[in-house]
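Under our numbering, read the sequence shown as residues 14 to 305, first letter to last.
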Amino acid sequence: MDGTVIDLTGKVVFVTGGGGGIGRSIALCMADMGADVAILEAIPERCDQVAELVEARGRRALCIAGNAMDADVVQNAVAEAARVFGRLDVLANNVGGVSRRPFVDLAEKNWRRHIDLNLVSNLAATQAAVPIMIEGGNGGSIINVTSIEGSRAAPGYAVYAACKAGLNNLTRTLAVELAHHGIRVNAIAPDFTETPGTRGQFAGPVDPALWHRPTPQQEEAIRRRIPLGRAGIDEECGRVAVFLASELASYVTGTIIPVDGGTWASGGWVRNDRDDWVLPPEAASRTKESQP
Ligand SMILES: NC(=O)c1ccc[n+]([C@@H]2O[C@H](COP(=O)([O-])OP(=O)(O)OC[C@H]3O[C@@H](n4cnc5c(N)ncnc54)[C@H](O)[C@@H]3O)[C@@H](O)[C@H]2O)c1
14 MDGTVIDLTG KVVFVTGGGG GIGRSIALCM ADMGADVAIL EAIPERCDQV
64 AELVEARGRR ALCIAGNAMD ADVVQNAVAE AARVFGRLDV LANNVGGVSR
114 RPFVDLAEKN WRRHIDLNLV SNLAATQAAV PIMIEGGNGG SIINVTSIEG
164 SRAAPGYAVY AACKAGLNNL TRTLAVELAH HGIRVNAIAP DFTETPGTRG
214 QFAGPVDPAL WHRPTPQQEE AIRRRIPLGR AGIDEECGRV AVFLASELAS
264 YVTGTIIPVD GGTWASGGWV RNDRDDWVLP PEAASRTKES QP
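As structure tokens, then:
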């Protein structure tokens with residue numbers, strides 16, 4: 014193995030929701046490694062901002078402003094990227110989102126919106142990208158951004174969790190269906206990650222100065238439940254996406270990679286006041302005051 018093993022020069026990457034957070038980071042990490050990048054993004058200023066940053070890295074950028082919940086928009090955007098750049102090697106199905114509410118209180122309009130955002134966007138992009146990859150004859154890499162909530166119960170987020178679980182199994186199924194074309198299909202499954210979305214910035218160009226900062230109580234809650242003791246940063250997903258896009262992952266397909274600081278592995282164990290790992294009822298009963 015040599016130091017040039019991650020080289021995406023000449024590759025073309027398409028990212029949905031690539032203007033902010035994890036999608037933006039995937040776009041920029043791919044450009045860092047040499048790829049040209051097309052993004053589909055709902056907020057035009059974010060689109061322009063990422064395109065500028067990709068070009069500043071010496072790569073070509075294509076910014077398409079549009080709504081990834083609309084299958085026609087997504088399919089046209091993928092086709093445009095392939096037309097402009099002449100090929101398509103990597104599809105990062107990143108767009109997604111959630112609002113919290115008990116399932117029985119969700120209006121049909123709301124749960125259909127969750128499905129359009131988290132599932133339909135992915136199906137539309139994948140269906141548009143695969144024939145282009147097959148025709149290109151160079152294989153390809155599809156990277157689905159799912160969530161830890163696709164692998165565990167997520168009370169208050171039922172439809173989101175159902176969509177992400179669906180994406181996990183779509184990942185495995187398409188890995189098998191597309192293997193003979195040399196198209197690898199994998200997913201990354203983050204836990205809580207600092208992004209404009211999780212920090213309350215839903216409009217305008219990405220500006221971390223506008224993000225809500227976590228309170229000390231929120232930081233402590235994260236430290237207790239995430240083994241690595243902190244929230245993720247978006248670039249930590251971008252780096253894993255680069256690995257999955259690269260030759261380093263040439264024999265990796267059908268996997269769901271947790272990028273979660275160890276939360277999935279911890280299976281519900283949390284840190285108590287003494288930094289011991291305990292299961293929650295014990296955490297509740299063994300407070301600092303009750304320790305010997
Ligand atoms: N951040 C987390 O803690 C976390 C945890 C688990 C999974 N995820 C998943 O990661 C993905 C990205 O999340 P994020 O936190 O980076 O989100 P974010 O809200 O910070 O950024 C998403 C970007 O996509 C754009 N976007 C939203 N809806 C769109 C649409 N309909 N069409 C086009 N663009 C649209 C937004 O404008 C924004 O720029 C999602 O699939 C999410 O479910 C995030």
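Idealized CB from N, CA, C, for every residue including glycine.
Nothing here was measured: the structure is a model prediction, and the numbers come from that model.
Exercise. Is it the case that the CB of residue 276 approaches a heavy atom of ligand 1 more closely than 7 Å?
Worked result: In the sequence shown, the residue the question calls residue 276 occupies position 263. Every heavy atom of ligand 1 is 7 Å or more from the Cβ of residue 276, so no.
For this session: Kindly identify the DSSP beta-bridge partner or partners of residue 271.
Result: To locate residue 271, count along the sequence shown from 1; it is residue 258. DSSP lists 202 as partners of residue 271.
Problem set entry | Closer than 7 Å: residue 190 CB and nearest ligand 1 heavy atom | If you number the sequence shown from 1, residue 190 lands on position 177. No, ligand 1 has no heavy atom inside 7 Å of this Cβ.
Exercise. So what does DSSP say about residue 109, is it helix, strand or coil?
Worked result: Within the sequence shown, the letter at position 96 stands for residue 109. Residue 109: coil per DSSP, three-state reduction.
For this session: Counting only the same chain and skipping the five closest in sequence on each side, list residues whose C-beta sits under 7 Å from that of residue 70.
Result: Along the sequence shown, one-based indexing puts residue 70 at 57. Closer than 7 Å at the Cβ level, and outside the excluded window around residue 70, lie 44 and 45.
For this session: Check residue 304 in the structure and name its three-state DSSP category.
Result: Working through the sequence shown from its first residue, we reach residue 304 at position 291. Note that residue 304 scores 41 on pLDDT, short of 50, meaning its location in the model is unreliable; the coordinates nonetheless yield the value given after this. Residue 304: coil per DSSP, three-state reduction.
For this session: Go to residue 153, then tell me how far its beta strand (DSSP E) extends in each direction, as first and last residue.
Result: Within the sequence shown, residue 153 is the residue found at index 140, counting from 1. Looking at the DSSP string, the run of the beta strand (DSSP E) that includes residue 153 is 153-158.
For this session: Over the uninterrupted alpha helix (DSSP H) stretch that includes residue 98, give me the two end residues.
Result: For the purposes of this step, residue 98 is taken as the residue at position 85 of the sequence shown. Taken as a continuous stretch (DSSP letters only), the alpha helix (DSSP H) holding residue 98 covers 84-98.
For this session: Determine which residues share a DSSP beta bridge with residue 29 and list them.
Result: One-based indexing of the sequence shown puts residue 29 at position 16. Note: residue 29 sits in a beta bridge opposite 53.
For this session: Please name the residue, chosen from 126, 86 and 51, that lies closest to residue 94 on a Cα-to-Cα basis.
Result: As a first step, residue 94 must be located in the sequence shown, where it is residue number 81. For residue 94, the nearest C-alpha among the options comes from 51.
Problem set entry | Beta-bridge pairing of residue 246 - partner residues as DSSP gives them | Looking up residue 246 in the sequence shown gives position 233. According to DSSP, residue 246 bridges with 207.
For this session: Count the C-beta pairs between the segment 106-122 and the segment 159-172 that are closer than 8 Å, then say yes if the count reaches three, no if not.
Result: In short, these stretches touch, since the Cβ pair count reaches three.
For this session: Taking all protein chains shown into account, decide if residue 123 is buried (16 or more other Cβ within 10 angstroms of its Cβ) or exposed.
Result: Taking the sequence shown and counting its residues from 1, the one referred to as residue 123 is at position 110. Under this definition residue 123 is an exposed residue.
For this session: Please report how far the alpha carbon of residue 107 lies from the alpha carbon of residue 234, in whole angstroms.
Result: Reading the sequence shown from its first residue, position 94 is the one you call residue 107. Reading the sequence shown from its first residue, position 221 is the one you call residue 234. It is roughly 26 Å from the alpha-carbon of residue 107 to the alpha-carbon of residue 234.
For this session: Would you list the residues sitting across from residue 196 in a DSSP beta bridge?
Result: One-based indexing of the sequence shown puts residue 196 at position 183. Secondary-structure assignment with DSSP links residue 196 through a beta bridge to 153.
Exercise. How would you call residue 303, buried or exposed, if buried means at least 16 neighbouring beta carbons within 10 angstroms?
Worked result: As a position in the sequence shown, residue 303 is number 290, starting the count at 1. Low local confidence applies: a pLDDT of 41 at residue 303 is under 50, so the model's placement there is unreliable, and no value is given.
Exercise. Is residue 280 closer than 8 Å to residue 293 when the C-beta atoms are compared?
Worked result: For the purposes of this step, residue 293 is identified with residue 280 of the sequence shown, where counting begins at 1. For the purposes of this step, residue 280 is identified with residue 267 of the sequence shown, where counting begins at 1. With contacts defined by Cβ atoms closer than 8 Å, residue 293 and residue 280 do not form a contacting pair.
Exercise. Do the segment 57-71 and the segment 133-146 make contact, defined as three or more Cβ pairs closer than 8 Å?
Worked result: no
Exercise. Any idea which residues DSSP pairs residue 77 with across the strands?
Worked result: Position 64 of the sequence shown, counted from the start, is the residue given in the question as residue 77. In DSSP, residue 77 forms a bridge with 53.
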